[in-house]
Every structure is written in C-alpha cells, then in structure tokens.
Amino acid sequence: MRLVFDSLTGNVRRFALAVSREAGGVPVGSVRDAPPAPGEPFLLLTYTFGQGEVPASTAAFLRSHAGGLRGVVSSGSYHWGENFGRAGDRIASEFRVPLVARLNKGGTVSDREQVTRWVRSHLSGGGETYGTLD
Amino acid sequence: MTRTPFTATNWSEPEDSFSVTFYEKYTSQLWFPEEIPLSNDAIVWKSLTEAERWTYMHASAGLNALDTLQGEVGMPALRGLVPGHIRKATLQFQGMMEDIHARSYSLMNKTFLSTTEERAVFAWVEAQPQLQFKIAFIGDVFADPDTSDFGLWRKMVVSCMLETALFYSGFYYPLLMAGQGRMVSAGEIFNLIILDEAVHGVYVALLAQERFEALNDAQQAEALAWFDGALDTLYRNELAYTDTLYARVGLTEDVGRFIRFNFNILADNLGLERRFPDEDINPVVLNGIRTRGTTHDFFSAKGSSYAKLNVEPLADEDFAELWPERPAVAHD
Ligand SMILES: Cc1cc2nc3c(=O)[nH]c(=O)nc-3n(C[C@H](O)[C@H](O)[C@H](O)COP(=O)(O)O)c2cc1C
Ligand SMILES: [Fe+2]
Ligand SMILES: [Fe+2]
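Line by line, the protein sequences are chains A and B. Read in order, the letters of the first sequence correspond to residues 25 to 158 in our numbering. Read in order, the letters of the second sequence correspond to residues 169 to 500 in our numbering.
Right under this line is the structure:
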C-alpha cells in the first residue's frame with residue numbers, strides 16, 4: 025500500500041506526508057513524480073477544483089493508474105456547499121472504491137488519525153475491511 | 169538610453185499554471201448586489217431586537233471599512249509589486265470585487281437604516297479603536313517600502329489575514345442569522361462575498377508561498393517569527409473587537425471559536441502549521457456557509473435562489489442528528 029497525492033496549494037501534500045509518517049513510513053508520492061507500479065495498491069488523496077470537479081492532473085493520473093486504486097480522500101472547503109470535497113465522491117463512484125475521508129482544507133487531527141487507521145488496516149494484506157467510517 | 173519594450177498580455181502562454189483558472193473563476197462568479205432584492209429582509213429587520221440590529225449593522229460597517237482598505241490599498245499594492253500581466257489582471261479583478269463588496273454593505277445599510285442611523289454607524293467606524301488598530305496595522309504593512317521577497321510576503325500575508333481570518337468576526341452574525349432563517353437575502357449577499365474571499369485568500373496565499381520558498385533558512389525563521397507576532401497581536405485585538413460587537417447578544421465566546429477556526433484555515437492556505445487546536449464551530453453558522461454555496465447558481469439563478477430557501481428558523485438542537493461531532497467526515 026502506498027499513498028499518492030495531488031495538491032495545488034499544499035493541504036493535501038501536508039496531510040499525505042503526515043499520514044505516511046503516522047502510519048509508520050508508508051511510501052508516499054505525488055501523481056506527477058511517483059506513480060505506483062502497475063497493480064500496486066494505493067490510497068489516492070486529492071482536492072476539489074472548479075465547481076466540484078476532479079483536478080485535471082488527478083484525472084490524467086487515473087486514466088493510466090486506476091488499477092491499484094483502493095480508496096480516496098478528498099479535500100475541499102466548506103464554502104462550496106454541496107460541492108464540498110465533491111472530487112472524492114466522483115472518484116469513489118466512478119471507480120467503486122470507498123471515500124475514506126473528506127477534509128476541510130488541511131484536515132483535523134482526528135481526520136489524520138482516521139485515515140492513518142484505514143491505511144494501517146490495509147497494510148500487508150488486510151484489505152477487505154475498508155469502507156467503515158466511524 | 170534604451171527602454172525595455174512594453175509587452176502585451178499573452179493568455180496563450182500564462183506565467184504560471186494556476187492564475188488563469190483563478191481569473192476564470194472570478195469572471196464566472198461576478199455578481200452585483202443590485203441583483204439580490206432585500207425587500208423581504210427589510211420586514212424581518214424591524215422584527216429584530218435592538219441588540220440584534222446593533223450587532224448586525226456594526227459588523228457589516230466594520231467589514232465595509234476592511235473591504236475599502238483591500239480595494240483601495242491592499243490589492244493595488246500587491247498588483248503593483250507582483251510581476252506578470254495575468255497575475256496583475258487577476259489581482260485587479262479581486263480589487264474590483266472588494267469595492268463591490270464595500271458597496272454591498274453600504275446598500276444594505278441604506279435599505280435597513282434611517283439616514284441618521286447610517287451616519288452614526290459610519291461615525292462609529294472612525295472611532296472604533298480595535299477596528300482602527302487593525303486597519304492601521306495592516307495598512308502599515310502594505311505601505312512598508314520593503315519590497316524584497318520578505319517584504320512582499322508580509323504584504324501578502326496581511327492580505328490573506330483579512331480575507332481568511334479577520335473578516336470572519338463580521339461574517340459570523342449574518343451567517344448565524346441566515347442559518348436560522350433570518351435576513352436570508354442579505355445572507356445571500358454575505359455568502360457571495362465569503363465565496364469571493366475564500367478564493368482571494370487561496371490565490372494570494374499561493375503567491376505568498378512562492379515568495380516564502382524564495383527565502384533562505386534564516387529569513388524563513390525570521391518570517392515565521394514575524395508571523396507569530398503579527399498573528400498574536402491581531403488575534404488579541406480581534407477578541408477585543410469581537411467582545412465589543414457581540415457581548416450584547418451573548419455570542420463573544422462562540423465568535424472567538426470561529427475566528428480561531430479561520431486562523432487555522434489561513435495557516436493551511438499559507439502552508440504553515442495551524443496555530444490553534446481543532447475546535448468545532450457552531451453548526452448553525454457552518455450551515456450558513458455550507459448550504460448556500462450551491463443554492464446560488466452563478467450562471468442562471470443569480471440572486472433568485474434566496475426565494476427558494478426554506479425560512480423555518482433552525483436551532484442548535486436541530487443539528488444534533490445532522491451533525492455528529494465531526495461534520496468534515498463523510499458517512500458513506
Ligand atoms: C478555483 C478554486 C476552486 C475550488 N473549488 C472547490 C470545490 O468545488 N469544492 C470544494 O470543496 N473545494 C474547492 N476548492 C477548495 C480546495 O479544494 C481546497 O482549498 C483544498 O484544500 C486544496 O487542496 P491543496 O491545498 O492540496 O491544493 C476550490 C479552490 C479553488 C482555488
Ligand atoms: Fe472583499
Ligand atoms: Fe477579498
């Protein structure tokens with residue numbers, strides 16, 4: 025399991041790096057420079073842009089790497105109302121993976137703990153228990 | 169002596185990967201206060217208590233002063249110093265919106281207040297010590313002749329402080345009222361302003377992050393120390409301002425929480441550590457933010473969405489079910 029993030033202003037990058045650390049050094053990289061090996065399972069962390077849309081860079085990444093996608097975390101901001109973090113809903117339904125968390129901007133401590141738990145539970149094979157948000 | 173030739177704006181080869189997106193976002197969400205009729209609110213206004221009206225009108229008047237500062241001083245200062253035609257155009261658009269925001273506040277005053285009351289509110293702005301302190305502090309940073317990366321970063325940071333944190337003592341009350349189904353048309357105007365400010369705060373913070381990256385380690389440490397000091401000064405001033413505005417309606421504490429929440433968002437935008445522990449904010453206020461952004465369709469329903477809103481007043485208890493402790497987490 026690795027973490028793959030896309031980030032414009034740094035919120036998702038900071039969140040992904042923190043989760044990687046807290047989960048004990050899980051490999052982490054951006055959609056631009058560290059693609060997972062074919063079939064390697066990963067959690068995608070991205071943000072919401074435009075009017076509730078998936079950023080173009082994330083969409084481009086998914087076109088060639090969706091195989092290992094196991095879950096998605098999306099950041100956004102409350103100001104966008106129903107489009108809050110909508111990129112995550114779109115990806116979750118298109119690729120039939122769980123939306124692990126929806127973050128307001130950089131996310132809270134409890135968001136980090138929750139995603140870290142999810143990542144830990146998916147390390148080394150325990151891959152069938154996802155989709156449970158407390 | 170040869171002159172550097174003056175260049176034209178090339179939108180086909182933008183200077184960065186994001187400014188065009190922001191510019192397009194602004195043009196797509198351009199709005200004018202005249203498009204949102206306030207007549208229903210004028211009736212509601214009369215039903216508010218004296219204290220409620222006082223807080224509402226002074227909160228708006230303070231915002232008017234801050235938007236006037238941004239439109240007249242802040243955005244033009246950044247625009248003058250930031251290189252790049254597209255960036256300058258984007259900052260100028262932001263500056264124009266600040267003037268439109270200031271006009272919105274003034275139009276609301278005009279609708280709800282008598283001429284005498286209106287004059288008294290504008291006089292209050294001139295005499296309110298915390299408001300004038302905030303404006304002077306920020307105005308001094310904008311006027312600072314230091315235009316090095318550090319100097320420019322400071323100007324961008326105070327701009328972001330306004331956009332993302334210091335406006336929120338004023339935004340709190342209209343959001344709360346709108347969340348309770350009161351003053352909903354004015355609430356619609358506030359929401360349009362809040363959405364503009366949210367994007368301004370992200371854009372200027374992105375430019376600030378570049379300037380911060382350009383500093384060496386020692387300068388970055390100095391910058392962070394300056395940030396902590398400025399934040400501390402302005403935060404304490406803001407709590408005093410909040411008490412002046414909200415003590416009579418018993419909301420000082422709750423507004424304080426909202427301000428800390430927004431200072432944390434400011435840190436997120438700037439790529440810095442959050443300065444305050446996570447706290448939940450009033451769910452009615454959050455609802456005031458969250459339910460509006462999309463009832464307003466910027467392209468086709470500008471200003472008419474208010475008519476569709478259900479105006480049954482909401483109380484905190486109504487949210488117990490809707491909002492378990494952590495509203496940011498999805499429950500799929
Ligand atoms: C132009 C623009 C459009 C945005 N659109 C949305 C949106 O539709 N929904 C949302 O929840 N957040 C939206 N956001 C907020 C970002 O998703 C949010 O700031 C996020 O934390 C950015 O992540 P990053 O810092 O990793 O780039 C938008 C931000 C900008 C600047
Ligand atoms: Fe403004
Ligand atoms: Fe603004």
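Ideal placement from N, C-alpha and C gives every residue a C-beta, glycine not left out. Keep in mind that this is a model prediction, so the values were computed, not measured.
Could you spell out where the alpha helix (DSSP H) holding residue i opens and where it closes?
| i | result |
| --- | --- |
| Val-97/A | Where Val-97/A is concerned, there is no enclosing alpha helix (DSSP H), although the beta strand (DSSP E) it sits in stretches over 93–100. |
| Leu-434/B | 420–438 |
| Leu-249/B | 243–249 |
| Val-352/B | 352–381 |
| Arg-255/B | 253–280 |
| Phe-39/A | 35–46 |
| Phe-301/B | 297–311 |
| Arg-110/A | 110–119 |
How about residue i: is its C-beta nearer than 8 Å to some C-beta of chain B?
| i | result |
| --- | --- |
| Gly-130/A | yes |
| Ser-101/A | yes |
| Val-133/A | yes |
| Glu-152/A | Here the model assigns Glu-152/A a pLDDT of 45, short of 50, so the residue's position is not dependable, and the following value carries that caveat. No, no contact with chain B. |
| Phe-119/A | no |
| Leu-32/A | yes |
| Phe-108/A | yes |
| Gly-105/A | yes |
| Ser-44/A | no |
Following a CB-centred definition, is residue i positioned closer than 7 Å to any heavy atom of ligand 1?
| i | result |
| --- | --- |
| Asn-35/A | yes |
| Gln-75/A | yes |
| Ser-185/A | What is shown of chain A runs 25 to 158, which leaves residue 185/A out entirely. |
| Lys-214/B | no |
| Thr-315/B | no |
| Arg-191/B | For the record, residue 191/B in the displayed sequence is Tyr; it is not Arg. Checking the Cβ of Tyr-191/B against ligand 1 gives no. |
| Gly-53/A | no |
| Arg-110/A | yes |
For residue i, count the other beta carbons within 10 Å of its own beta carbon; 16 or more makes it buried, fewer makes it exposed. Which is it?
| i | result |
| --- | --- |
| Asp-400/B | exposed |
| Glu-390/B | exposed |
| Ile-427/B | buried |
| Thr-332/B | buried |
| Ser-274/B | buried |
| Pro-51/A | exposed |
| Arg-322/B | buried |
| Ala-488/B | Because Ala-488/B sits at a pLDDT of 45, beneath the cut-off of 50, its placement in the model cannot be relied upon, and the point is left open. |
| Asp-235/B | buried |
| Asp-30/A | buried |
| Asn-384/B | exposed |
| Asp-314/B | exposed |
| Arg-120/A | exposed |
| Leu-360/B | buried |
Shorter than 8 Å from the beta carbon of residue i to some beta carbon of chain A?
| i | result |
| --- | --- |
| Gln-377/B | yes |
| Val-188/B | no |
| Asp-436/B | yes |
| Ile-361/B | no |
| Arg-425/B | no |
| Val-370/B | yes |
| Gly-230/B | no |
| Arg-458/B | yes |
| Leu-374/B | yes |
| Ile-433/B | yes |
| Asp-184/B | no |
| Ala-366/B | yes |
| Leu-246/B | no |
| Gly-349/B | no |
| Gly-252/B | no |
| Gly-239/B | no |
| Leu-344/B | no |
Terminal residues of the continuous beta strand (DSSP E) containing residue i?
| i | result |
| --- | --- |
| Phe-335/B | Here Phe-335/B belongs to no beta strand (DSSP E), and DSSP marks it neither H nor E. |
| Val-54/A | For the sequence presented, residue 54/A should be read as Ser rather than Val. It spans 52–54 - the beta strand (DSSP E) in which Ser-54/A sits, taken as one unbroken run. |
| Phe-66/A | 66–71 |
| Ala-125/A | 123–128 |
| Asp-443/B | Position check: residue 443/B holds Arg in this sequence, whereas Asp was assumed. Run containing Arg-443/B: none; DSSP gives neither H nor E here. |
| Phe-190/B | Careful: Phe-190/B lies outside any beta strand (DSSP E), inside the alpha helix (DSSP H) at 187–196. |
Quick check: does the Cβ of residue i come within less than 7 Å of any heavy atom belonging to ligand 3?
| i | result |
| --- | --- |
| His-368/B | yes |
| Glu-240/B | no |
| Gln-262/B | yes |
| Asp-364/B | yes |
| Gly-183/B | Note that residue 183/B corresponds to Glu in the displayed sequence, not to Gly. False, no ligand heavy atom lies under 7 Å from that Cβ. |
What is the C-beta distance between residue i and residue j, in whole angstroms, given that I count them as a contact (C-beta under 8 Å)?
| i | j | result |
| --- | --- | --- |
| Phe-66/A | Gly-92/A | 5 Å |
| Leu-407/B | Thr-223/B | Not quite, the Cβ-Cβ distance comes to about 16 Å (not below 8 Å), so this is no contact. |
| Val-372/B | Ser-327/B | 5 Å |
| Val-36/A | Thr-70/A | 6 Å |
| Leu-375/B | Val-250/B | 6 Å |
| Gln-197/B | Asp-364/B | 7 Å |
Nearer than 7 Å: is that true of the beta carbon of residue i relative to any heavy atom of ligand 2?
| i | result |
| --- | --- |
| Met-225/B | no |
| Asp-235/B | yes |
| Ile-361/B | yes |
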